[in-house]
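> Residues in the sequence shown are numbered consecutively from 6, following my numbering.
C-beta atoms are modelled at their ideal positions from N, C-alpha and C, and glycine is treated no differently.
Just so you know, these numbers come straight off a predicted model, no measurement behind them.
The structure under discussion is supplied below as structure tokens; questions concerning it will follow.
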Amino acid sequence: MQHKSASVGVEVKLANLEDLRKTKDQLDQTSPSFCLAKWKTATIHLFNGNTQSCHHVPSHAISDPNGGYGLHNTPQKIKQRQQMLSGQRPKGCEYCWKVERAGQFSDRVHKSQEDFAASSLPEVLKSKLGENIFPSYLELAFENACQFRCMYCSPTYSSRWQKEIDQYGPYPTLSSLFQTWQSRHKKPLPPAEQQKMIDAFWLWWPKLRQHLKVLRITGGEPFLSPHTFHLMEHLIREPQPHIDFGINTNMGFTPVKFEKFLSQIRDLQASVKKVSIFTSIDSVGKQAEYIRYGLNFSDFQKNIHKTLTMADGGFTLCFMVTVNALSLPGLKPLLQWIIELKKAYPQHQINVDLPYLRQPQYLSVQILSDDFKIWLIEAIDFMKAHIASLKNPGFTEAEVQKLQRILPFVAPSDLSKLKILLLRRDFTKMLTEYDRRKGCDFLSTFPEYRNFWQQSSVIKRPSF
């Protein structure tokens with residue numbers, strides 16, 4: 006389903022539940038575990054020589070760049086493609102299998118429905134294992150340089166986290182993303198090896214760009230890397246009108262960098278099919294700043310308004326809201342602000358993506374008690390009351406479904422009492438140390454969690 010904004014005629018694709026059902030049926034005709042993303046999407050981290058088929062699965066090392074082809078078509082991906090074609094569920098794709106076991110539409114369906122993937126089904130089936138297949142959707146990270154230390158991020162993707170962990174060591178939890186920081190494949194490669202990865206990408210680029218439908222730059226914070234500006238300038242000099250260009254950014258710019266960002270976005274709009282800006286925010290005010298340490302929420306709002314005001318023509322702005330243990334109280338106010346933006350700037354397409362946090366598990370909604378569901382239910386009800394129509398901006402049915410599917414993961418019944426106890430203890434340990442290292446105060450920032458915190462801090466032997 007599509008409609009056009011009354012002001013400038015920007016086409017907006019509104020995925021509905023019937024579209025999702027049709028896509029799932031089409032995938033299941035090949036196998037019940039078949040996912041086009043395993044062939045046609047890639048996230049490539051050039052700075053540490055890792056790749057993954059989407060952001061939900063663990064990354065793995067690139068064994069041989071092979072003139073660029075090996076940046077995407079690794080032996081591990083080829084093995085997982087074989088599993089999918091035979092109906093097996095690759096272990097690394099547990100994000101989607103968990104959602105599907107709950108009876109919801111997973112991102113296996115959402116991603117396969119996107120334009121860049123849906124039209125590629127004949128090509129994928131013809132390629133079989135796709136040893137030399139080109140991705141049509143590429144997410145590319147040149148560096149891990151970042152000025153933020155978001156609560157659930159890691160030194161792999163943030164140089165500020167890297168500096169903290171190298172200085173203070175891992176957090177005192179039983180299991181942590183930070184514990185594996187010393188493993189080689191998590192750290193940035195030596196400069197010479199990084200350059201080999203970058204050289205392989207540029208060697209691949211002349212053929213790759215012919216097949217790309219979406220090119221999305223990520224990091225770190227991409228605008229802290231000179232490679233980002235080099236690629237954008239390349240696209241401006243040699244336009245690629247068939248490519249949708251996207252970029253992830255935390256919007257935490259200095260004024261000089263922000264002006265350069267706006268200038269590049271305006272120039273790119275004439276060189277590519279579409280420009281999309283993806284920015285992460287999980288709550289509002291001080292709670293948002295606590296979760297995404299380094300964020301100034303007021304400046305973030307100002308930069309959003311300035312971008313929407315200054316950018317010429319229509320482009321897409323997507324808020325990536327990672328639903329985690331601390332984001333529930335701020336969800337509805339955040340969605341209210343997003344609706345206000347949709348109404349104020351109808352010339353742009355403003356979307357919201359709502360993945361749920363999986364790792365570290367002690368910061369996921371799974372650790373919460375049942376009474377926290379009220380915050381999520383209020384946010385879902387708000388979205389349902391503001392469904393997009395031809396006349397009114399709002400949320401799509403697919404966006405509502407993405408938030409609604411998270412409800413079963415709050416206080417789930419499939420986790421043992423002991424597991425919940427250990428995860429909640431890690432929650433308090435992590436945030437106590439987080440406060441100490443960063444000068445924060447969790448309970449004054451999140452008074453809604455006082456009872457939960459007190460209960461989680463008391464270590465008791467569970468009764469079975």
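(1) Are the Cβ atoms of M325 and F283 separated by less than 8 angstroms?
(2) Should L395 and L179 be called a contact, given that it needs their Cβ atoms to be closer than 8 angstroms?
(3) Among residues of its own chain, excluding the 5 on either side of E105, which ones have a beta-carbon nearer than 7 angstroms to its beta-carbon?
(4) Tell me which same chain residues have a C-beta within less than 7 angstroms of the C-beta of T450, skipping the five on either side of it?
(5) What whole-angstrom Cβ distance do L32 and A403 have, given they're in contact under 8 angstroms?
(6) If we call anything under 8 angstroms between Cβ atoms a contact, is M89 one with C59?
(7) Just the C-alpha distance for F250 and L423, rounded to the nearest angstrom, thanks.
(8) Quick one: what does DSSP say R410 is sitting in, helix, strand or coil?
(9) When you compare each of R271, A349, R242, F400 to S281 by their alpha carbons, which one comes out closest?
(10) Nearest-angstrom Cα distance between S163 and D69?
(11) DSSP three-state label for T314, please.
(12) Kindly list the residues whose CB is nearer than 8 angstroms to the CB of A416, restricted to its own chain and excluding five residues on each side of it in sequence; keep chain order.
(13) Could you pull the start and end residues of the beta strand (DSSP E) that S285 belongs to?
(14) Could you have a look at Y298 and say whether DSSP puts it in helix, strand or coil?
(15) Rounding to the nearest angstrom, what Cα-Cα distance links N78 and T223 in this structure?
(16) For Q85, tell me which candidate among T254, S288, Q57 has the shortest Cα-Cα distance.
(17) Taking only the alpha-carbon atoms, compute the straight-line gap between F233 and F147 and give it to the nearest angstrom.
(18) Considering just the uninterrupted stretch of the alpha helix (DSSP H) at T233, what are its terminal residues?
(19) To which residues does DSSP link L220 through a beta bridge?
(20) Looking at the unbroken alpha helix (DSSP H) that takes in F266, where does it start and where does it end?
(21) Which residue comes first and which comes last in the beta strand (DSSP E) that contains V104?
(22) Let me know the secondary structure DSSP gives D69 once reduced to three states.
On the basis of the data shown:
(1) Yes, Cβ-Cβ distance for M325 and F283 is below 8 angstroms.
(2) At a Cβ-Cβ threshold of 8 angstroms, L395 and L179 do not count as neighbours.
(3) Only S111 meet the Cβ criterion.
(4) Taking C-beta separations shorter than 7 angstroms and ignoring five residues to either side along the sequence, the partners of T450 in its chain run K291, Q292, Y295, following chain order.
(5) The pair is not a contact, with the Cβ atoms about 16 angstroms apart (cut-off 8 angstroms).
(6) Not in contact: M89 and C59 (Cβ atoms no closer than 8 angstroms).
(7) Cα to Cα, F250 sits roughly 46 angstroms from L423.
(8) Of the three classes helix, strand and coil, the one that applies to R410 here is coil, per DSSP.
(9) Relative to S281, the option among R271, A349, R242, F400 whose CA is nearest is R271.
(10) Cα to Cα, S163 sits roughly 25 angstroms from D69.
(11) DSSP, reduced to helix, strand and coil, places T314 within a helical segment of the structure shown.
(12) Excluding sequence neighbours, A416 sits near Q371, L373, S374, D375, F377, K378.
(13) Secondary structure note for S285: its beta strand (DSSP E) is the uninterrupted segment 277–285.
(14) The answer is strand: DSSP assigns Y298 an E or B state.
(15) Near 20 angstroms, if we compare the C-alpha coordinates of T223 and N78.
(16) That would be Q57, whose Cα lies nearest to the Cα of Q85.
(17) Note that residue 233 is Thr in the sequence shown here, rather than Phe. Those two C-alpha atoms are separated by around 7 angstroms.
(18) Element bounds for T233: 231–242.
(19) When beta bridges are read from the DSSP output, L220 appears opposite L143, F250.
(20) Residues 260–273.
(21) According to the DSSP assignment, V104 belongs to no beta strand (DSSP E) but to the alpha helix (DSSP H) extending over 99–106.
(22) The answer is coil: DSSP assigns D69 none of H, G, I, E or B.
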